[in-house]
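S.K.: Handing you this structure, nothing more for now.
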């Protein structure tokens, strides 16, 4: 019999709003902070100065993971190397690639920026989340044309089945200029019965992804 | 039911050879591919050695012979060449029954052409051609390889920095093991670009001389380019078609270092975890490993971190170990794939590669890498490490069939 | 010198994205790395770029870098003693 896993929580960041477990928890007030990401950071009072050094893709991913994992104390339930991270997007790190390219465009006066260059890889967002949360488990970043729930389901299920991890943060973290969205799922082998939990299956991933907020 | 995953084909193009035979000749002759940058117009031409494939994009197009008109970045041409070699070596007919996947990895994607486009575009001269930017996405090279090889059942792209193609092989092996696919062409490709040359230079981790992995006086890495692919099949599938089996994917492991965006932790925590996981999946003790193809970039940070991790995992003594990046340079996203091909060659021919340019052991470590081209001793199990920025650490274990 | 120190503080906040800080929060005599501001290796590289871009000064070796980048004051002293003309 096939092993069933649980989506114990999820969060969506889209259209300048944040939804956690199906409830809206934040909406951007343009009259306040100039940046949606900074406004969200302050709203959740994150106290993590490294945030400001990150590129926008990492800020988005880190904030989404903070919303998903708040007050969950994941590391009390699982050792760090049992928590996996499987993320995907279509744009890779194009937003930062552009910024970095600008710093090397003028041959006579170019000053390649090391702090921008280190973010010109899609998977650094996994690194930043892992550093913050102290997750040491398996992680991969897939580049897909669009969110692919079947693919994500297969990849996460395989590593849960294999026993490599007991819990996985997975989903879609996409950013290109002003267009950004993040949908993250917390998938576990088992979870206490609570509102909003669901069976981990492609249809459910897709349904959550399409939620209007 | 879990399926044994075997390797039935290999393909490679790198600075030390345009195919498996060319690469083998260079390996035996201890001929490194590291030299002067000649095909890209960079201010660092005479300053920073690289492992460049001495062929223009037009020449690569002739070799790749994709058969489909289109726009091809250097990265995709290298990938097509290596993937096709692997498929031909494995005698794969993708139209025959069986579910075939392509898992390719790249970090640079079509950046070699995008950076030309962008410069022209920003100058406002009207000289920028849109066709130079349509190949930018990481997924483009994968799609081009899929189009040229006819693979349709499962196609995806992985980008996890320098562990990308090792992860592609791991994901491919897992899909076969669990019966989701019958065969997978897995590996990666990356081309040299001004983008990466300047980026790594700004991090001050490029050696102005040929790199010296694990040497006390090492001073950084040399960038390289190339592509390496394996054809993986389930054992039943391979036997059914009477394939020549080159090796087995015995184990694999991936872990996060969770320390810094680009530097590795001093105790090599993530590296230890990935090696231990791979051994666990393989069901092997450390003393079963005959040879370690290390990540060994030649940077102060990696080689110390990896060295400490090796000493932690191999407490009874580190087996023969070397980095082949002193031959091929650091090929970034393609490194895992290229080094997987070198590992399979080593298993087939019972070779152990020298760690070129080595002179002085590191003060902090007890081990000394292999410095001669070794033959005549049994090589049954090879461990290959690939550690990427973002703390993404991967280890593969290959064994004889 | 004090004007240069103040200018440097603004520049450091800018290039290192220390948007939570003001110049008043930075003690020019405190170490920049490990303790004090707790900057890391990538920050060090950005400061090397800053010295070259804004002041035309190139650092020769890692050892020289360690000395020059010890504190805001050591950076200011390096700039003052190396400024051409």
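Chains as they are written, first to last, in our numbering: chain A, 165 to 377; chain B, 9 to 409; chain C, 16 to 100.
C-beta: ideal position from N, C-alpha, C; glycine also.
On the DSSP bridge assignment, give the partners of residue 345 of chain A in chain order.
M.R.: DSSP lists A:338 as partners of residue 345 of chain A.
S.K.: Which residues in the same chain as residue 304 of chain A place their Cβ atom closer than 6 Å to its Cβ, once the five residues preceding and following it in sequence are excluded?
M.R.: Closer than 6 Å at Cβ, skipping near neighbours: 250.
S.K.: So, using beta-carbon positions, are residue 194 of chain B and residue 207 of chain B closer together than 8 Å?
M.R.: No, they are not a contact pair.
S.K.: Would you call the CB atoms of residue 387 of chain B and residue 355 of chain B closer than 8 Å?
M.R.: Yes, they are a contact pair.
S.K.: Rank B:238, B:291, B:266 by C-alpha distance to the C-alpha of residue 5 of chain B and give the top, closest one.
M.R.: An answer regarding residue 5 of chain B cannot be provided, because it is not within the stretch 9 to 409 covered by chain B.
S.K.: Should residue 253 of chain A and residue 328 of chain A be called a contact, given that it needs their Cβ atoms to be closer than 8 Å?
M.R.: No; because the gap between Cβ atoms is not below 8 Å, this pair is not in contact.
S.K.: Out of A:320, A:361, A:332, which has the shortest C-alpha to C-alpha gap to residue 244 of chain A?
M.R.: Comparing Cα positions, the closest option is A:332.
S.K.: Considering only residues of the stretch 298–332 of chain B, which uninterrupted alpha helix (DSSP H) runs meet the minimum length of 4 residues and lie entirely inside it, listed in chain order?
M.R.: Runs found: 308–321.
S.K.: Is any beta-carbon of chain A found at less than 8 Å from that of residue 28 of chain C?
M.R.: Not one chain A Cβ lies under 8 Å of residue 28 of chain C.
S.K.: Starting from residue 262 of chain A, trace the alpha helix (DSSP H) in both directions and tell me its first and last residue.
M.R.: Its alpha helix (DSSP H) spans residues 258–267.
S.K.: Could you check whether residue 42 of chain B and residue 31 of chain B sit closer than 8 Å to each other, using their CB atoms as the reference points?
M.R.: For residue 31 of chain B and residue 42 of chain B, no; Cβs fall outside 8 Å.
S.K.: Using DSSP bridges, identify the partner residues of residue 369 of chain B.
M.R.: Residue 369 of chain B is bridged to B:223.
S.K.: Just checking: is the beta-carbon of residue 275 of chain A within a distance shorter than 8 Å of some beta-carbon in chain C?
M.R.: For residue 275 of chain A, the answer is yes, since a Cβ of chain C falls inside 8 Å of its Cβ.
S.K.: Rank B:309, B:240, B:226, B:183 by C-alpha distance to the C-alpha of residue 100 of chain B and give the top, closest one.
M.R.: It is B:240.
S.K.: Per DSSP, which one or two residues make a beta bridge with residue 400 of chain B?
M.R.: In the DSSP output, where bridge partners are listed per residue, residue 400 of chain B has B:264, B:396.
S.K.: Is it true that the stretch 277–293 of chain A meets the stretch 164–179 of chain B, where meeting means three or more beta-carbon pairs spaced less than 8 Å apart?
M.R.: Yes, they touch.
S.K.: What does a CB cutoff of less than 8 Å around residue 309 of chain A pick up in its chain, not counting 5 residues either side in sequence?
M.R.: The residues are 254.
S.K.: For residue 318 of chain B, which residues in the same chain have their Cβ closer than 6 Å to its Cβ, ignoring the five residues on either side in sequence?
M.R.: Here the set comprises 326.
S.K.: Using a threshold of 8 Å, state whether the C-beta atoms of residue 363 of chain B and residue 378 of chain B are closer than that.
M.R.: Their beta carbons are under 8 Å apart, which means residue 363 of chain B touches residue 378 of chain B by this criterion.
S.K.: Are at least three pairs of beta-carbons, each pair with one atom in the stretch 185–201 of chain B and one in the stretch 97–117 of chain B, less than 8 Å apart?
M.R.: Cβ pair count under 8 Å is three or more, so yes.
S.K.: Name the residue from B:313, B:160, B:307 whose alpha carbon lies nearest to the alpha carbon of residue 225 of chain B.
M.R.: Taking only the C-alpha atoms, the option nearest residue 225 of chain B is B:307.
S.K.: What first and last residue would you give for the beta strand (DSSP E) that runs through residue 81 of chain B?
M.R.: Taken as a continuous stretch (DSSP letters only), residue 81 of chain B belongs to no beta strand (DSSP E), as it is neither H nor E.
S.K.: Please confirm if residue 268 of chain B has its CB atom under 8 Å from at least one CB of chain C.
M.R.: Judged by the 8 Å Cβ criterion, residue 268 of chain B is in contact with chain C.
S.K.: What residues from chain B crowd round residue 62 of chain C, counting only those whose CB sits closer than 9 Å?
M.R.: Under the 9 Å cutoff, chain B gives no residues; its nearest Cβ is about 12 Å from residue 62 of chain C.
S.K.: Are residue 85 of chain B and residue 69 of chain B closer than 8 Å when you measure CB to CB?
M.R.: Their beta carbons are under 8 Å apart, which means residue 85 of chain B touches residue 69 of chain B by this criterion.
S.K.: Do the stretch 281–290 of chain B and the stretch 253–269 of chain B touch if we need at least three Cβ pairs shorter than 8 Å?
M.R.: The stretch 281–290 of chain B, when compared against the stretch 253–269 of chain B, does touch it at the 8 Å Cβ threshold.
S.K.: When you check each C-beta in the stretch 169–180 of chain B against every C-beta of chain C, which residues fall closer than 9 Å?
M.R.: Per Cβ criterion, the list is empty.
S.K.: Buried or exposed, going by whether 16 or more other CB atoms sit within 10 Å of the CB of residue 187 of chain A?
M.R.: Exposed is the call here.
S.K.: Could you tell me which chain A residues have their CB closer than 7 Å to the CB of residue 57 of chain C, listed as they occur along the chain?
M.R.: Under the 7 Å cutoff, chain A gives 278, 279, 282.
S.K.: When the cut-off is 8 Å and only beta carbons count, does residue 216 of chain A lie next to chain C?
M.R.: Yes, its Cβ sits closer than 8 Å to a Cβ of chain C.
S.K.: For residue 373 of chain B and residue 165 of chain B, what's the separation of their Cα atoms in angstroms?
M.R.: For residue 373 of chain B and residue 165 of chain B, the distance between alpha carbons rounds to 37 Å.
S.K.: Thinking C-alpha only, which one of C:90, C:94, C:85 is nearest residue 50 of chain C?
M.R.: Closest by alpha carbon: C:85.
S.K.: Tell me whether residue 352 of chain A sits in a helix, a strand or coil according to DSSP, three-state version.
M.R.: Of the three classes helix, strand and coil, the one that applies to residue 352 of chain A here is strand, per DSSP.
S.K.: Spell out whether any CB of chain B is found under 8 Å from the CB atom of residue 212 of chain A.
M.R.: No, no contact with chain B.
S.K.: Answer with yes or no whether the minimum CB distance from residue 315 of chain A to chain B is below 8 Å.
M.R.: Yes, because at least one Cβ of chain B sits closer than 8 Å to the Cβ of residue 315 of chain A.
S.K.: Under three-state DSSP, which class holds residue 249 of chain A?
M.R.: DSSP places residue 249 of chain A in strand when its eight states are reduced to three.
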